[in-house]
Every structure is written in structure tokens, then in C-alpha cells.
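Chemist: One structure coming up, written as C-alpha cells, with questions to follow.
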Amino acid sequence: MARPCITILAGCLVLLTGALAEVEVDAEAQSEGAPLCSYSKEDVRVGGTEDSSVNLVSPGVEQCKPGNGCFAFFTYKPNKTIEIRVKGCWGMLKDCQSETCVGEPRPGDSYFCCCMGNMCNLGLEVPPERDYPTLPPGTEDESEEAVDKSYLWLWALLIVAFVLLGTCIVVGTRHWRKSSPPPLVLPPEEHPASPCIDLDSVKILETIGQGRFGTAYRAIVDEEEVAVKMFPQHHKSSYINEKYIYSLPLMEHSNLLSYLGSGERVGQDGNIYYGLVLSYCPKGRLSTYLSENTLTWSTFCNVALSATRGLAHLHSEIRKGGKDIIKPCICHRDFNTRNLLLTENMSCVVSDLGFAIHTQGSKYYINGEEQHAETSSLTDVGTLRYMAPEVLEGAVNLRDCEAALKQIDIYALGLVLWECAARCHDLYQGLQTPPYMLPFQAEIGLHPTFEQVQVLVVRNKARPLFPSVWKDTNPAIRLLKETIDDCWDYDAEARLSAMCVEGRLSELPALWDRYKSSLGISGVSPTMNPLMNLPMSQRSGEMINGGKIISNAITPREKESSVSEATVETTITGSPSEPPVDVFLGKKGTFYDTEHSIIHPLHSRMLKLLDMSSGFVFYTWKIY
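For the sequence shown, the positions run -21 to -1, 1 to 603 when mature numbering (1 follows the signal peptide of the UniProt record, and there is no 0) is used.
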């Protein structure tokens, strides 16, 4: 008995709310001079009004917007009758100054008329020179009487709603007193608890990262370590966008940072800062880890697969419960090893969603507001050396915004996979693992200009090169190289999807084990990079770059500079700016200038050959 009463009660409340809203809207429209027009029952409307929706205050009566008039489109029949095709509100009044609706001839037997005044299109007339019968013109009193009658059903509905409401309350109260049913508990994975950590309850411990838009801190709340990302007031838009992305439904994933809360805090300088409370990853950035450590094959597979899974979850549209719960497609737009964090079990977590964007076809959403890529500009953002060719040459296809931005992320994923694989010592078959290098660092150094990257990637179609020691005889290595090549393909539409990359990478461990078994080798013994613990002076090889000999090792000074590489929007700065003063811990970061190396324009794709005995890198060229 309780459930039907609840249903009836809900229906009554909906009807009551709708009735009151309609009365209020109609009264407001009347007070602002919004006219009423006779409306036909045809489904097809012709142009004119700015809003295509129809606001019927009663059957056959449409409420127009202030300043609108009325129109009618009808056909004169040979039997001296008029057949109405459509009537309603009309928004173009420059030629509609008449108070009566007099038809003007149109091709065939059709006529069109427009007029100004309440219900002026109720009665129609044809030109006097053609003696056609007309419908009886409606007077002002008749139209007012029709409008008054249209409110009778509203008052009747109000009375019925109050009666049913009282009945449901009485019956429902008696039933609930007898037996109260247990509350409905939905599975937590479908309706997760909202983030509830208050920023004031968070105790900040130390700085763990400095970005372009904010500072990351290690903090503690209720004896649990968390990360807090603080945004200054002039970067509030980045904070709002990142918070909006994290707040979307079904964003929870093991390879994404967990959103725990947000809020405002006043810094020691008296300014307001906006903070996001996120899950903490103790091993820090993937780029930092790679610069200090090498990877085993199994660790590489775990790192690569987890990073790809995080990106695949962002790119996927997920629906649960029919159409009630939808996770939209999200494009990261700044995917690189600095924005990938490592957990204790060496899995990657995708972070830094400040540039992320919610897309659907040719539409994208900023802070929940719909934008259309065809009519509004979409700023190119990202880290320079990870930018796709179509971004560098300004040729992103915005007609399909969703697909284009996904393809840009996949290009960056290919560079990330190469960057990780280059530090996997099992791929070098016992030879010395080369020092850590960013993509294209060997060709254009740590601080490339936009023109250098554009010439290298777009004009010369160059990509980071695979060491010759990575033999294709191993099917796992062959599949890895093919996957990376398919990710950074020059043709954006030829690139793989994130889910396809995930599927390929999941096959690598089994292929590797099968190949080693065929050679009679049981697994791969983990070894440390012999260069890791040597002084920098002893492990610094030399490489030839553009006719200039430079160091190929990352010194502490260069490593600090490498993490401050400019993240660009519309313009790209040649050198990073000094980070802001840490107003929460009283510390100030330090940036260093590094000499920019100049490259010669390449007219063919370079192939890199490593001489492990001397530490030199030699180049040869392949003509296409």
C-alpha cells in the first residue's frame, strides 16, 4: 500500500509544481506584453521564431515571446474553403504591421500572413480582389474568454492534487507505523560516496612537486597520507576544470588519482588558494624514477600497461543503469611521463587533469558548458616535445573533436612507451643501458624551440629511434616496436585506440616467456644498471648533435631543468619562468638555465647506432 501511495504522492507534487510554474510563467509573460497566438496541430513549423519550442497555455493557444507576432500558412481550395497548414508565433516583424492576418499569395494555392496582436491569426482573410470566403474573425473579447477558460483545468488540477496529497499522507503514515521497510542500499561501485575531506582538516607536510599552475604537497589527514594540489587565485579556472573532471560519474579507476575533496585556504601571504585533495603516490613521477633507475621486463610491462589502462578509461564512454549514469569521453591533452605517478607496486596513475576536456563528437564541454568546435576555437595545449604533428602544424580536425583529441593523446602515449622501454635493461641483452633521455633529446636537446620540434616532427617526420640491439627475432620486442610505431603514426586516423594498445601490451609478458622458453632460458634475471651508482663524470658519454659535441648524461643541474620544460598554450616560451614562492612552507624552488643545442634541418629520417664500448651515438640516414 505504501509504494502506490508514494507514487501517487510524487505524481501529485509534479503536477502541482508544473501547474504553479505554468501559471507563474503565463502571468509574467502577460505582464511583459507577450502575445497569444492561435496554434495549429501541425507538427511542421516554418522559420521565424528564435525558439523552436512551443509553449501551449491551452489547446490551440500558444504563448509567444515578448515582441513576437502571429502568423498563418494556409491553402485555398477550389471548393471555396481555406485549409490551415500551420499557425503560431512569428519572430520577424519588419513586414508584419497589420492587426489582421491577410494572406499573401505564394506558389500554387498557398497563402501566408502575419500580424501583431493577441490571437490576430484566429481569423484569416484573403486578398479583397479575390472574393474568397473567410473564416469569422475573432474579436478581442473572444480571445480573452478562450484564455480565461484555459486556466480552468489548472484550478481543477490544483484541487485534485491537494485531495490526493492529503489522502496519501494519511494512508502512508498509518502503514509506516505498522512496519518500516529497510532503506534501499545501492552497490557502492555504482553510487560512490561523495568526497568529504575538508581542506581545513589537512595538515601539509612538504612540497613534492611544482607545476605551471600550482604546487603539489604531501599532507596527512586522519593519519592517512594524501596529496594536495594548490592553485593560486589567478589560476582558478584550472582548479575549476580539474575539479569538474574528477567529479564526473564513474571516474573511479585504479590507474587514476582518487579525488578526495577540495576547498579554499588562505596562504601565509594573505592570498586565497584553491586546493584539491587527491590520493598520494609515494614513488613520485615516472620521469624522475626513469632518470634514476632502470626497469626489468616485467616492471616495464606493468608500467606500460597500467599507464595505457588509465588513458583508456579516460577515453571510454561508460554507461550504467541505462542512461541514468554516464561517464563521458575525456581527453587528457598533456599526456607525458611527468604526469604519470608511480604507486608502491610500480603501477602508473594518470594525474594532472588541468587540461583535460570532456568531448562528444564535434562538441566539447568546459566546466559543464557545451561548446561547439566548429564555431569556437579550441586552444592547442600540451608539452612541446610530446605534441602530435597535426598540433604542430595547426591541422587538428575539429569536425570530429573527440576523435582528433584522442589521436593526439595516443601519439603522446607512443612517446611514453618508447621512453619507458629505453630504460628497460632486459631489452639490451646484457649490454649497458643508455642514460635516461627524453623523446628527441638526442636531436634537439632539453629545451627545444617550437620551430625545432616542428621541423623535426612535421617536415622531416622523425621519431625517436629504436636501438639496433632490440632484435625483431623476439616476438615480444617486435610487437612492442610495432605498437609504438602505430601510436605515433604521422596519419592521425591510422593510430591505434587506447583500448587496442592495452590489448597488445597485455600480450607482451606471455610472448616474452614463450620466446625465452624456446631458447632454454627460464625468465630473465633482474640486474641493476652498472652506470647507476657511478659518478656523473664517469658515466657521461658524448654524442654528436648538429655538429656540436654535448654531454648525453643528465646532470643534477640538467635534471632540474628538464622537469621545468614549458607547457604551452597558444604561445611557447623559450625558457621556464621562476616558480612562485611557497607560501605554505616558506621555501622557494630553483630553476636553472641550460644551453640550447642547435640542430641542422634533416632531409631524411635518422637511424641511430649505439657503440656501447665508447659511449658514442652515431647516426646514419635512411632516404624515403
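Note that CB positions come from ideal geometry on N, CA and C, so glycine has one too.
Keep in mind the model is a prediction, meaning the values are calculated, not measured.
Could you tell me the alpha carbon to alpha carbon distance between cysteine 280 and leucine 487, rounded to whole angstroms?
Modeler: Those two C-alpha atoms are separated by around 7 Å.
Chemist: Considering just the uninterrupted stretch of the alpha helix (DSSP H) at histidine 294, what are its terminal residues?
Modeler: Taken as a continuous stretch (DSSP letters only), the alpha helix (DSSP H) holding histidine 294 covers 276 to 294.
Chemist: Just list the alpha helix (DSSP H) runs in the region 441 to 492, keeping only unbroken ones of 4 residues or longer that don't cross its boundaries, in chain order.
Modeler: As far as the region 441 to 492 is concerned, its whole alpha helix (DSSP H) runs of at least 4 residues are 454 to 466, 477 to 484.
Chemist: Just the Cα atoms here: how many angstroms apart are residue 604 and proline 446?
Modeler: Since the first and last residues shown for the chain are -21 and 603, residue 604 lies out of range.
Chemist: Looking only at DSSP bridge pairs, what is valine 105 linked to?
Modeler: Paired residues: none, contrary to the question.
Chemist: Is it buried or exposed, leucine 498, if we count other Cβ atoms within 10 angstroms and call 16 or more buried?
Modeler: It is exposed - the Cβ of leucine 498 has fewer than 16 other Cβ atoms within 10 Å.
Chemist: If we call anything under 8 Å between Cβ atoms a contact, is leucine 332 one with glutamate 422?
Modeler: No, Cβ-Cβ distance for leucine 332 and glutamate 422 is not below 8 Å.
Chemist: Is threonine 267 helix, strand or coil by DSSP?
Modeler: In this structure, threonine 267 counts as helix in the three-state DSSP scheme.
Chemist: Looking only at C-alpha atoms, which of Tyr344, Tyr252, Asp313, Ile183 sits nearest to lysine 215?
Modeler: Nearest option by C-alpha distance: Tyr252.
Chemist: Give me the DSSP bridge partner(s) of glycine 46.
Modeler: Note: glycine 46 sits in no beta bridge, so no partner.
Chemist: Can you give me the Cβ contacts of cysteine 310 inside the same chain, cut-off strictly under 8 Å, excluding the 5 residues immediately before and after it?
Modeler: Same-chain partners within the cutoff: Leu293, His294, Ala335, Ile336, Thr338, Glu381, Leu384, Lys385, Ile387, Asp388.
Chemist: Rank Tyr55, Ile305, Cys466 by C-alpha distance to the C-alpha of proline 228 and give the top, closest one.
Modeler: If we check each option's Cα against that of proline 228, Ile305 comes out closest.
Chemist: Which parts of the region 202 to 242 are runs of the alpha helix (DSSP H), unbroken and 4 residues or longer, counting only runs that do not cross its ends?
Modeler: Within the region 202 to 242, the complete alpha helix (DSSP H) runs of at least 4 residues are 215 to 225.
Chemist: In this structure, how does DSSP classify cysteine 99 when only helix, strand and coil are distinguished?
Modeler: Cysteine 99: coil per DSSP, three-state reduction.
Chemist: Nearest-angstrom Cα distance between asparagine 346 and alanine 489?
Modeler: When rounded, the distance between both Cα atoms is 43 Å.
Chemist: Considering only C-alpha positions, which residue in the set Val328, Glu296, Gly254 is nearest to alanine 283?
Modeler: Per the Cα distances, Val328.
Chemist: Residues in its own chain within less than 8 Å of cysteine 206 by CB, not counting five upstream and five downstream?
Modeler: Contrary to the premise, residue 206 reads as alanine rather than cysteine in this sequence. Excluding sequence neighbours, alanine 206 sits near Ile187, Ala195, Tyr196, Arg197, Ala198, Leu236, Val256, Leu257, Ser258, Tyr259, Cys260.
Chemist: Is it buried or exposed, serine 226, if we count other Cβ atoms within 10 angstroms and call 16 or more buried?
Modeler: Exposed, because fewer than 16 other Cβ atoms sit within 10 Å of the Cβ of serine 226.
Chemist: Closest by CA to arginine 191, which one among Thr275, Leu178, Lys182, Ser217?
Modeler: Comparing Cα positions, the closest option is Ser217.
Chemist: Which word fits proline 414, buried or exposed, when buried means at least 16 other C-beta atoms lie within 10 angstroms of its C-beta?
Modeler: Proline 414 should be labelled buried.
Chemist: With distances taken between CB atoms, is the gap from glutamate 398 to leucine 319 smaller than 8 Å?
Modeler: No, the Cβ-Cβ distance between glutamate 398 and leucine 319 is not below 8 Å.
Chemist: Output needed for leucine 396: all residues of its chain with C-beta closer than 6 Å, excluding positions within five of it in sequence on either side, in chain order.
Modeler: Counting only Cβ-Cβ distances below 6 Å, and skipping sequence neighbours, we find Ala283, Ile463.
Chemist: Could you say if the region 41 to 54 and the region 82 to 97 meet the contact criterion of at least three C-beta pairs nearer than 8 Å?
Modeler: Touching, per the Cβ criterion.
Chemist: Can you name the start and end residues of the beta strand (DSSP E) that lysine 342 belongs to?
Modeler: Start and end: 342 to 345.
Chemist: Return yes when the Cβ of leucine 394 is within less than 8 Å of the Cβ of proline 427, no when it is not.
Modeler: No, these two residues do not count as a Cβ contact at 8 Å.
Chemist: Short check: CB of serine 37 to CB of lysine 66, under 8 Å?
Modeler: Not in contact: serine 37 and lysine 66 (Cβ atoms no closer than 8 Å).
Chemist: Under a Cβ-count criterion, where at least 16 other Cβ atoms within 10 Å of its own Cβ denotes burial, should leucine 265 be classed as buried or exposed?
Modeler: Leucine 265 comes out buried.
Chemist: Among the residues of its own chain, which have a CB less than 6 Å from the CB of cysteine 43, if the five just before and after it don't count?
Modeler: Excluding residues within five positions, the ones whose Cβ falls inside 6 Å are Ala13, Pro14, Cys16, Cys68.
Chemist: DSSP on serine 122, reduced to helix/strand/coil?
Modeler: At serine 122 the pLDDT is 44, less than 50, meaning the model places this residue with poor confidence; the figure from the coordinates comes in the next sentence. It is helical.
Chemist: Using C-beta distances below 6 Å, list every residue in its chain close to alanine 286, excluding the 5 sequence neighbours before and after it, in chain order.
Modeler: Counting only Cβ-Cβ distances below 6 Å, and skipping sequence neighbours, we find Leu319, Cys327.
Chemist: Does the distance from the C-beta atom of valine 448 to that of leucine 371 stay below 8 Å?
Modeler: Result no, Cβ atoms of valine 448 and leucine 371 do not sit closer than 8 Å.
Chemist: For my contact list, glycine 254 and leucine 184 are in at a C-beta cut-off of 8 Å; report their separation, rounded to the angstrom.
Modeler: With a Cβ gap of about 14 Å, glycine 254 and leucine 184 do not count as contacting.
Chemist: Going by C-alpha distance, which of Cys80, Ile224, Pro307 is nearest residue 607?
Modeler: Past the edges of the chain, shown from -21 to 603, lies residue 607, and the structure says nothing about it.
Chemist: Just to confirm, is the Cβ distance from glutamate 461 to alanine 291 under 8 Å?
Modeler: Not closer than 8 Å, so no.
Chemist: How would you call arginine 364, buried or exposed, if buried means at least 16 neighbouring beta carbons within 10 angstroms?
Modeler: Per the 10 Å Cβ criterion, buried.
Chemist: Would residue 615 be called buried (16 or more neighbouring beta carbons within 10 Å of its own) or exposed?
Modeler: Examination of residue 615 is not possible in this model, given that the chain is present from -21 through 603 alone.
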